[in-house]
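Residue numbers (the working numbering): 42 to 411. Here's the structure we're looking at; comments come further down.
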Ligand code: DGJ
């Protein structure tokens, strides 16, 4: 009897370990973490630190519902749970590290209260201070607050301490103020936001080779993007910023650098629904940025393979290997939103993304050098 019991235990362990190891990326399917639970890290970003990747994202847990205020534009939601973190050394097996910035349950005025919006968390490491700094989109339920929030930790796996939220660049004219000044009739919201601080919704962070860090965010009612330089410890803005992609209405920005040039991938603005992705390239982070069109190629490229960009991950130790990370949102059941990761190819300067049913990072090794 004991022997049979032992056999079942061993078999159980074997099946358990097999079930929970992802052996390849299957975009759009349910991806399990190392404990066999669906990975819950949406609108995410990645940090590589001391041999490990840390994937941070929105925890989408519980009932999806539609606040009255958002019905006209399809802004369904789940209440805030927090920011999740998963770690991995091979980008396939993801150990859950827990909720590193939990929602506030008690204070309805708190930015992290369950009734608010916490989206697109990104974490960067500051070499000078040794701190991990998270920036994220903080909003009210109706997306009227349009702010960025900042949190800090001594460890990549948290806990993170929430610092504050702001509307960036209050009372500061952008670096290319000339361009705004040249307009005889500057948009009323732009003048207003100058007084009150700029609106900031979808966002990402980018750390350059010189360790300067930049915040990219959808500003001005999502019509125009701003690029803003962070201070040396990455917890504040310096007031140096620039308006880019003026009136091009983009969300979900992702930024990366390749061969000394800067690349930008984003989406259009259609709430949780997919649209054609955008891409751009620049020699300086401040621009000028040249738009390169939709980087997606082939069937369903017009809807970014039913997904929306969130991050571009350079793979450590592999030459010219970048993963396009995107979310396939399920607006009716946000908890069941999925991940679409695909390799980026380059056609000259142009990043291109093609669908694959199943792939792994070994795919990059088989490519002729580009
Ligand atoms: C589109 C944005 O890209 C998402 O992050 C989220 O804010 C949804 N809109 C909400 O509808």
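From the three backbone atoms N, C-alpha and C, an ideal C-beta is built for every residue, glycine too.
**Study point:** When 171, 161 and 120 are compared against residue 149, the one with the closest alpha-carbon
**Key:** 120
Practice item. Take the Cβ of residue 74 as the centre, count every other Cβ of all protein chains shown within 10 Å, and call the residue buried at 16 or more, exposed below. Key: buried
Review point. Relative to ligand 3, is the shortest distance from any of its heavy atoms to the C-beta of residue 222 smaller than 8 Å?
Key: Although ligand 3 was asked about, the structure shown includes only ligand 1 as ligands.
Point to revise | Cα-Cα separation, residue 188 to residue 177 | key: 9 Å
**Study point:** Cβ-Cβ separation, residue 99 to residue 138 (assumed contact under 8 Å), whole Å
**Key:** Between residue 99 and residue 138 the Cβ distance is about 15 Å, and since that is not below 8 Å, they are no contact.
Check your understanding: Roughly how far, in whole angstroms, is the beta-carbon of residue 326 from the beta-carbon of residue 249, given that I think they are within contact range, below 8 Å?
Key -> 7 Å
Point to revise | Whole-angstrom C-beta distance between residue 209 and residue 269, which should lie under 8 Å | key: 6 Å
Check your understanding: Is it the case that the CB of residue 128 approaches a heavy atom of ligand 1 more closely than 8 Å?
Key -> no
**Study point:** Where the alpha helix (DSSP H) through residue 189 begins and ends
**Key:** That residue, residue 189, is in no alpha helix (DSSP H); its beta strand (DSSP E) goes 188-194.
Exercise for review: For residue 307, count neighbouring C-beta atoms within 10 Å of its own C-beta (all shown protein chains included) and say buried if the count is 16 or more, exposed if not.
Suggested key: buried
Check your understanding: Looking at C-beta atoms only, is the number of pairs between the stretch 195-204 and the stretch 168-187 that lie closer than 8 Å three or more?
Key -> yes
Practice item. Assign residue 239 to buried or exposed, taking buried as 16 or more other Cβ atoms, counted over all protein chains shown, within 10 Å of its Cβ. Key: buried
Review point. What is the DSSP secondary structure of residue 314, counted as helix, strand or coil?
Key: coil
Exercise for review: Enumerate in chain order the residues of its own chain whose CB-to-CB distance from residue 272 is below 8 Å, with the five nearest sequence positions on each side excluded.
Suggested key: 278 and 279
Check your understanding: What is the DSSP secondary structure of residue 229, counted as helix, strand or coil?
Key -> helix
Point to revise | Simplified DSSP assignment, three categories, for residue 404 | key: helix
**Study point:** Through-space distance from residue 389 to residue 363, alpha-carbon basis
**Key:** 15 Å
Practice item. Check whether the stretch 331-338 touches the stretch 302-320, counting contact only when three or more Cβ pairs, one atom from each stretch, lie closer than 8 Å. Key: yes
Review point. Comparing alpha-carbon positions, which option in 397, 180, 261 and 243 lies nearest residue 227?
Key: 261
**Study point:** Alpha carbon of residue 56 to alpha carbon of residue 78, nearest angstrom
**Key:** With a pLDDT of only 49 at residue 56, under 50, the local geometry of the prediction cannot be trusted, and the value read off the model is given with reservation. C-alpha separation (whole angstroms): 15 Å.
Practice item. Answer with yes or no whether the minimum CB distance from residue 141 to chain D is below 9 Å. Key: Within the model displayed, chain D is absent; a lone protein chain is all it includes.
Check your understanding: When we look at the beta-carbon of residue 368 and count the other beta-carbons within 10 Å, is it buried (16 or more) or exposed?
Key -> buried
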